[in-house]
Amino acid sequence: MSLNQEISELFHSMSRILELKGANTFKVIAFQKVSRILGDLTFDLRKMAEEGKLEEIEGVGGSSRKVIEEYVKTGRSTDYDELAASVPAGLLPMLEISGLGPKTIALFWKEKGVTNQEELVKAIESGALAGLKGIGAKKIESIKQGIAMLASAAGRIGIAEARPIAEGLLGRLREMKAVKRAEIAGSLRRGRETIGDVDLVCALQAGDAAGEAVTKAFVGFPEVQRVLGQGPTKASVVTVGGGQGGLQVDLRIVPADCFGAAWLYFTGSKDHNVKIRGMALEKGLTLNEWGLYKLAEYDKAAKKTGEAPAVKPVASKTETEIYAKLGLPFIEPEIREGRGEVDAALKGQLPNLIARADIRGDLHSHTTASDGVASIEQMVEAALALGYSFLAITDHSKSQTIANGLSAERLLKHVKAIHAVRDKYKGFTLLAGCEVDILVDGRLDFEDAVLAELDIVVASPHASLKQDEKKATDRIVRAVESRYVNIIGHPTGRLINRRAGLPLDFRPIFAAAAKNGTALEINAGYPRLDLNEQNARAAIDARVMLAIDTDAHSTEGLAEIGYGLTVARRAWVGPQHVINCMSADELQKFIARKR
DNA sequence: GCCGTTTTCGGCCCGACTGTTTTCAGTCG
Numbered sequence: 016m017s018l019n020q021e022i023s024e025l026f027h028s029m030s031r032i033l034e035l036k037g038a039n040t041f042k043v044i045a046f047q048k049v050s051r052i053l054g055d056l057t058f059d060l061r062k063m064a065e066e067g068k069l070e071e072i073e074g075v076g077g078s079s080r081k082v083i084e085e086y087v088k089t090g091r092s093t094d095y096d097e098l099a100a101s102v103p104a105g106l107l108p109m110l111e112i113s114g115l116g117p118k119t120i121a122l123f124w125k126e127k128g129v130t131n132q133e134e135l136v137k138a139i140e141s142g143a144l145a146g147l148k149g150i151g152a153k154k155i156e157s158i159k160q161g162i163a164m165l166a167s168a169a170g171r172i173g174i175a176e177a178r179p180i181a182e183g184l185l186g187r188l189r190e191m192k193a194v195k196r197a198e199i200a201g202s203l204r205r206g207r208e209t210i211g212d213v214d215l216v217c218a219l220q221a222g223d224a225a226g227e228a229v230t231k232a233f234v235g236f237p238e239v240q241r242v243l244g245q246g247p248t249k250a251s252v253v254t255v256g257g258g259q260g261g262l263q264v265d266l267r268i269v270p271a272d273c274f275g276a277a278w279l280y281f282t283g284s285k286d287h288n289v290k291i292r293g294m295a296l297e298k299g300l301t302l303n304e305w306g307l308y309k310l311a312e313y314d315k316a317a318k319k320t321g322e323a324p325a326v327k328p329v330a331s332k333t334e335t336e337i338y339a340k341l342g343l344p345f346i347e348p349e350i351r352e353g354r355g356e357v358d359a360a361l362k363g364q365l366p367n368l369i370a371r372a373d374i375r376g377d378l379h380s381h382t383t384a385s386d387g388v389a390s391i392e393q394m395v396e397a398a399l400a401l402g403y404s405f406l407a408i409t410d411h412s413k414s415q416t417i418a419n420g421l422s423a424e425r426l427l428k429h430v431k432a433i434h435a436v437r438d439k440y441k442g443f444t445l446l447a448g449c450e451v452d453i454l455v456d457g458r459l460d461f462e463d464a465v466l467a468e469l470d471i472v473v474a475s476p477h478a479s480l481k482q483d484e485k486k487a488t489d490r491i492v493r494a495v496e497s498r499y500v501n502i503i504g505h506p507t508g509r510l511i512n513r514r515a516g517l518p519l520d521f522r523p524i525f526a527a528a529a530k531n532g533t534a535l536e537i538n539a540g541y542p543r544l545d546l547n548e549q550n551a552r553a554a555i556d557a558r559v560m561l562a563i564d565t566d567a568h569s570t571e572g573l574a575e576i577g578y579g580l581t582v583a584r585r586a587w588v589g590p591q592h593v594i595n596c597m598s599a600d601e602l603q604k605f606i607a608r609k610r
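Residue numbering for the first sequence follows the working numbering, starting at 16 and increasing by one per position.
Below, the structure written as structure tokens:
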């Protein structure tokens, strides 16, 4: 774990302990914010600490600065140690139990001596908790369910697993007459690589007060395994699919006139919402899921649960309109993470995010020559159908025996075959390449003389992914420095929720990549998505060029670039950062410059 | 704990649902 991650987790733990101790909520939130911001940083905290610049980080004040400085120097924090000693360590994991919050955990601890989850289960079974103030039979039952759910939950599930489930439910909602519009919100809309739950927002037809009927139908959909809550404006369920314990889906229903406000609100992130709500207050406005209102009018207006307040909003129908009234341009959902997007928007410095139309070709693909299922011609036809002007065929090298990797001899024959196909497609640039293995010590799987015959080289790590940081980093740097390597494919080799991948120190890698003109790949294939968004953003900050490739093994695979673009957009990447957005000529120059 | 061209003190986003309540606390998002 990197130093930044360690300190981020330290602050997370401190915020949790403070929560349990019933500390001022805003102090809890302040530490949570520090934790999140430090976790997202693209630069090293040690350097910031040494230069005395910690308080320049938004959210870091005097107290947090001291904690960080001490930790950087000594690897510990006396503030944290004191806090940790003040509550039983076993209480912290109990906060993960759904339906059980800090107040109740503290109550059980102080009144019944419950200090961990095991003791909680015993206390429930023995009936020891009955009779405590505010604790009835239903509450006990809900805690029991929460414990069972936690035990069966697989944690956050991947975006590619969650999206089909969400779209299935959306389809059913959209078929209902009372429903005017239904959309995905939350972290799924923002495109996070893993999803804790799915948020859906649904607008009713004008004048239709059928919210109750919609939630009733929703909780009865065949995908629904369990109903967690249900009212006229919202419902919460667990679906059958989506990991071992099912996937939680929250539906929120609003009148059509409030759709923009609700969509904005439920898309989040929480940090983004807090920021723009603060801006609203500064302008004498207040923003909630119903709309943006003049504060004075809003305070006086009649309000009923589940209904828009009885006052005309300043804006509410579309997100664009609400942003505009706050003095902001539209902010793309992928960057609504409280990572400086609102300040950038205010300064007119929002990034021009890369879009599907900017992609002119794919530089990492496989054919039947190794482990793909399509021929060279079929892949070219598929690329043409996508409107691409170039494609690189990059079959595996010899070490990948399991993937039918090519020997030098087979590779050179394959190059000839690719060039023969190339000559048939005028105006299209077909590159003969190879996805060459980066061996354990950073050498490549082919001699330079072989690589010199190729139009483009993608070098990727496939084996020995459990090296220590030093070895792994040296290995990748060596490949970056090779004059024949144009792209490092899936640099860490991680698989979301399955394999951590190489523990790389990216700073020397970025420095070498920028200096040598080697691009780093965002592999668009799920569950790779490697580089991830943090590393991709740090890469462009370090002036490294990126490639976004599908690593397609079929013609259909070539079309699946969406999640790669999502990672890039979340990393504030624009077309100017990505070699797949170059013209074929510029790309050839980018490759030639290195040799 | 953090923050500031209205503020160095006094705010900090806010609503829905549940359960245990006779008017609200806890939890969640």
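A virtual CB, placed ideally from N, CA and C, is assigned to each residue, including glycine.
All values reported here derive from a predicted model rather than from experimental measurement.
Separation of Gly114 from Asp94, as counted between CA atoms
The residue given as residue 94 occupies position 79 in the first sequence. The residue given as residue 114 occupies position 99 in the first sequence. Straight-line Cα distance between these residues: approximately 30 Å.
Report the three-state DSSP secondary structure of Asp463 (helix, strand or coil).
Taking the first residue of the first sequence as position 1, residue 463 is located at position 448. Note: Asp463 maps to helix in three-state DSSP.
Using the Cβ count rule (16 or more neighbours within 10 Å means buried), how would you classify Glu133?
Stepping through the first sequence from its first residue, residue 133 is reached at position 118. By the 10 Å Cβ count, Glu133 comes out exposed.
DSSP has Thr209 in a bridge; who is on the other side?
As a first step, residue 209 must be located in the first sequence, where it is residue number 194. According to DSSP, Thr209 bridges with Gly173.
Anyone know if the C-beta pair for Ala583 and His592 falls short of 9 Å?
Indexing the first sequence from 1 puts residue 583 at position 568. Indexing the first sequence from 1 puts residue 592 at position 577. Yes, Cβ-Cβ distance for Ala583 and His592 is below 9 Å.
So what does Val239 bridge to, in DSSP terms?
Working through the first sequence from its first residue, we reach residue 239 at position 224. Looking at the DSSP assignment, Val239 forms a beta bridge with Thr254.
Does DSSP put Tyr338 in a helix, in a strand, or in coil?
Translated into the one-based positions of the first sequence, residue 338 becomes position 323. Helix.
Cβ-Cβ distance between Ala197 and Ala218 below 9 Å:
As a working mapping, residue 197 is identified with position 182 in the first sequence. As a working mapping, residue 218 is identified with position 203 in the first sequence. Cβ atoms of Ala197 and Ala218: closer than 9 Å.
DSSP three-state label for Ser475, please.
Your numbering for residue 475 matches position 460 in the first sequence. It is a strand residue.
Burial state of Thr40, where buried means 16 or more other Cβ atoms lie within 10 Å
For the purposes of this step, residue 40 is taken as residue 25 along the first sequence, with counting starting at 1. So Thr40 counts as exposed.
With distances taken Cα to Cα, identify the nearest neighbour of Ala562 among Phe123, Ile369, Gln393 and Gly355.
Position 547 of the first sequence, counted from the start, is the residue given in the question as residue 562. It is Ile369.
State the DSSP-derived secondary structure class of His434, mapped to helix, strand or coil.
Looking up residue 434 in the first sequence gives position 419. His434: helix per DSSP, three-state reduction.
Expressed to the nearest angstrom, what Euclidean distance is found between the alpha-carbon atoms of Phe233 and Lys68?
Reading the first sequence from its first residue, position 218 is the one you call residue 233. Reading the first sequence from its first residue, position 53 is the one you call residue 68. So the alpha carbons of these two residues sit roughly 51 Å apart.
Are the CB atoms of Ala389 and Thr382 within a distance shorter than 9 Å?
In the first sequence, counting from the first residue as 1, residue 382 sits at position 367. In the first sequence, counting from the first residue as 1, residue 389 sits at position 374. It is a contact, given that the beta carbons lie within the stated cut-off.
Once DSSP output is grouped into helix, strand and coil, what is the label at Gln482?
As a working mapping, residue 482 is identified with position 467 in the first sequence. Three-state result, Gln482: coil.
So is Ala447 buried or exposed if we call it buried at 16+ other beta carbons inside 10 Å?
Taking the first residue of the first sequence as position 1, residue 447 is located at position 432. Per the 10 Å Cβ criterion, buried.
Which residue spans inside the region 320-404 form an unbroken alpha helix (DSSP H) run of at least 4?
334-340, 356-361 and 391-400
Quick check: the region 44-55 against the region 64-78, are there 3 or more CB pairs under 8 Å?
yes
Have a look at the DSSP bridge pairing and note the partners of Ile199.
Stepping through the first sequence from its first residue, residue 199 is reached at position 184. Looking at the DSSP assignment, Ile199 forms a beta bridge with Leu215.
beta-carbon Ala104 near the ligand FMN non-hydrogen atom, thresh 8 Å
The ligand FMN is not part of this structure, which contains no ligands at all.
Kindly identify the DSSP beta-bridge partner or partners of Thr620.
In this structure the chain extends from 16 to 610, so residue 620 is not present and cannot be described.
Which of helix, strand or coil DSSP assigns to Leu60
Within the first sequence, numbered from 1, the residue matching residue 60 stands at position 45. Leu60: helix per DSSP, three-state reduction.
Residue range of the unbroken alpha helix (DSSP H) whose run includes Leu266:
The residue labelled residue 266 in the question sits at position 251 within the first sequence. Counting along the chain, Leu266 falls outside any alpha helix (DSSP H), though it belongs to the beta strand (DSSP E) covering Gln263 to Pro270.
Does Val213 pass the burial test, meaning 16 or more other C-beta atoms within 10 Å, or should it be called exposed?
Against the first sequence, residue 213 aligns to sequence position 198. Answer is buried; the Cβ neighbour count reaches 16.
Would you mind listing the alpha helix (DSSP H) stretches within the region 480-548 that are 4+ residues and don't spill past its ends, in chain order?
484-496 and 521-531
May I ask you to report which of helix, strand or coil DSSP gives Gln415?
The sequence position of residue 415 within the first sequence is 400, counting from 1. Coil, per DSSP.
Taking the alpha carbon of Val436 as the point to measure from, which residue in Cys596, Glu111 and Leu406 has its own alpha carbon closest?
The residue labelled residue 436 in the question sits at position 421 within the first sequence. Val436 has its Cα closest to that of Leu406, out of Cys596, Glu111 and Leu406.
Identify, in the order they occur along the chain, each residue of the same chain with its Cβ nearer than 7 Å to the Cβ of Val430, setting aside the five sequence neighbours on each side.
Along the first sequence, read from residue 1 onward, the residue named residue 430 stands at position 415. Same-chain partners within the cutoff: Ala447, Glu468 and Leu469.
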